[in-house]
Amino acid sequence: MIIIIGGGVMGCSTAYHLAKAGIPATVLEMDAIGAKASGKAAGFLDSLVVSVFYSCFTQGNAEDSVRQQFAQVADAGFKMFPAIVDDIRERTEIDVQYQTGIQLRCAMSQKEEETLLSVSKQVRQLTGIEVEIISGDESRRIEPLLSPRVRLAVKLPYARVEPYRYTLGLAEVAEQMGIEIVLHQATAFRFSSETGLVHEVQAGSRWLPCEALVVAAGPWSDAILWQLGISYQSRMVRGQMLRLTCPTVPQNYVVYNPEVDGMVCDMLVFPCADGSLLAGYTGDTDGVTADSDNPTARSRQVISECLADFVPVLANASIVEHRAAVLANPPQGGLVLGRAPGWQNVYLALVGDGGIGVSPLTGQSIARLIQDDIVGRRDVGA
Ligand SMILES: Cc1cc2nc3c(=O)[nH]c(=O)nc-3n(C[C@H](O)[C@H](O)[C@H](O)COP(=O)(O)OP(=O)(O)OC[C@H]3O[C@@H](n4cnc5c(N)ncnc54)[C@H](O)[C@@H]3O)c2cc1C
């Protein structure tokens, strides 16, 4: 039996692709499908240029090779989305609300303007793609509700899914095709370090036989890997978002980069299919652990103040939801995908930010790797 720990987007995408390959598996989820970051994210899907642009902002110190590899995975995932979205709709009737359009990355101060221009240059060097820079007036022609203080904007493409629906859709298709979903926590393992094989996984009072184990447990992966003798220390970051309603709302995805607690953050605002708005940022790191998914009053205030500055009409918006989730960035940035070091049948599907966007390719890659390994092991056994 193949066991996947984690019913977030990484685990569910792996289950979906295993199901497509006709390989039975069990997903263990300690809460509910998509209950953590995967159901609470913004849901943006990054093409090559957008991924590089975003990482140049948020991971200033990451190595270019890490940045480029991640962007290639994101871009490949980006191209796989339309087919997966159709498949989910046909098999489950879940509409994942796939949308495409443009995003405006805006500068409200001279410092932000300089950063946008320098990141645009960096993106050109890394991808060979020239991004379109427009004036503040031009950006207000596209999105009239932007503050008169917007000085300049970079215009990029965007695509988005509603992340909870997408994660649930993957799980439902996988389940229809024979994958079992068990709502239990994986608590312990029986294994042999000599052979590098995990034989059984404990879920509740049961020990489940294990032919292959996929660790896709988001911020809880560190603790699972520790049990297997693997030292893995991710960098935990909390993201928080407000859902707002307002008689007049922006019709485009707009973002700017204020400093919050001394750190530059990506403060984003975008319209949802139901007419509400989502707005927020990821960037809260102080004392954050895997379980810090409580919304905070401080963040609510920060988001509200930034919005009133950026899109003044939203000073009168009503907050109808406040959500928070933790994501765990791998120590080197990017993502960790493949066989766990020192183990023959343990696979890692670990990502921090950007997991929704990369999930089609990561799920497919892990499923293919397991398929090849299992066929190989069965051949040797035979
Ligand atoms: C506010 C915010 C905005 C974001 N915006 C975007 C975006 O626009 N685009 C994008 O691509 N990404 C975005 N992200 C990042 C994205 O949410 C993550 O990359 C992605 O959800 C990670 O998926 P995951 O499956 O690894 O983790 P999770 O969603 O955390 O799933 C892990 C699952 O494992 C389960 N689990 C853990 N331990 C056990 C155990 N022992 N036994 C059983 N189950 C277990 C948990 O309950 C959880 O459901 C955003 C994140 C946040 C917080």
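Position one of the sequence shown corresponds to residue 22 (this note's numbering), numbered consecutively onward.
Beta carbons: idealized from backbone N, C-alpha and C, even for Gly.
What you are looking at is a predicted structure, and each value in this text was computed from that prediction instead of being measured.
Any non-hydrogen atom of ligand 1 closer than 7 Å to residue i Cβ
i, result
"Ile202", "no"
"Gly100", "With the sequence shown as reference, residue 100 is identified as Lys, and Gly is not the correct amino acid for it. It does not: the Cβ of Lys100 is nowhere closer than 7 Å to a heavy atom of ligand 1."
"Leu125", "no"
"Asp305", "no"
"Ser72", "no"
"Gln93", "no"
"Val30", "yes"
"Glu221", "no"
"Gln118", "no"
"Pro240", "yes"
"Phe210", "no"
"Val276", "no"
"Phe65", "yes"
Sequence-distant residues of the same chain with beta carbon closer than 6 Å to residue i, five excluded per side
i, result
"Ser226", "none"
"Ala206", "Just to set this straight, residue 206 is Gln in the shown sequence, not Ala. Only Met51 meet the Cβ criterion."
"Leu177", "Val71 and Gln124"
Cβ neighbours of residue i in the same chain (closer than 7 Å, five flanking residues each side left out)
i, result
"Val309", "Met257, Val258, Arg259 and Val347"
Classification of residue i by the beta-carbon crowding that lies within 10 angstroms, buried from 16 upward
i, result
"Ser339", "exposed"
"Glu232", "buried"
"Ile44", "buried"
"Glu342", "exposed"
"Val48", "buried"
"Thr216", "exposed"
"Gln385", "buried"
"Asp243", "buried"
"Asp107", "exposed"
"Glu326", "exposed"
In DSSP terms, what residue i is bridged to
i, result
"Leu263", "Ala300 and His343"
"Arg319", "According to DSSP, which records beta bridges pairwise, Arg319 is partnered with nothing at all."
"Gln392", "None, per the DSSP bridge assignment."
"Ile123", "Pro178"
"Pro230", "Glu221"
"Thr148", "Thr148 is not bridged to any residue."
"Gly359", "Leu369"
"Val258", "Leu348"
When the options are compared against residue i, the one with the closest alpha-carbon
i, options, result
"Trp247", "Ser380, Thr113, Trp228 and Phe210", "Phe210"
"Ala128", "Leu390, Arg161, Gly304 and Ala300", "Arg161"
"Pro351", "Tyr185, His220, Gln131 and Gly375", "Gly375"
"Gly296", "Asp282, Thr303 and Thr266", "Thr266"
"Pro165", "Asp96, Pro271, Ser213 and Ile109", "Pro271"
"Gly29", "Gln261, Ala53 and Met22", "Ala53"
"Trp364", "Leu234, Ile200, Val140 and Glu159", "Leu234"
"Met288", "Gly250, Thr317, Gln261 and Asp314", "Gln261"
Residues near residue i by beta carbon distance below 8 Å, same chain, minus five either side
i, result
"Glu134", "Ala128, Arg172 and Leu173"
"Ala294", "Gln118, Gln120 and Glu183"
Residue i: CB within 7 Å of a non-hydrogen atom of ligand 2
i, result
"Ser59", "The ligand content of the structure shown is limited to ligand 1, which means ligand 2 is not among them."
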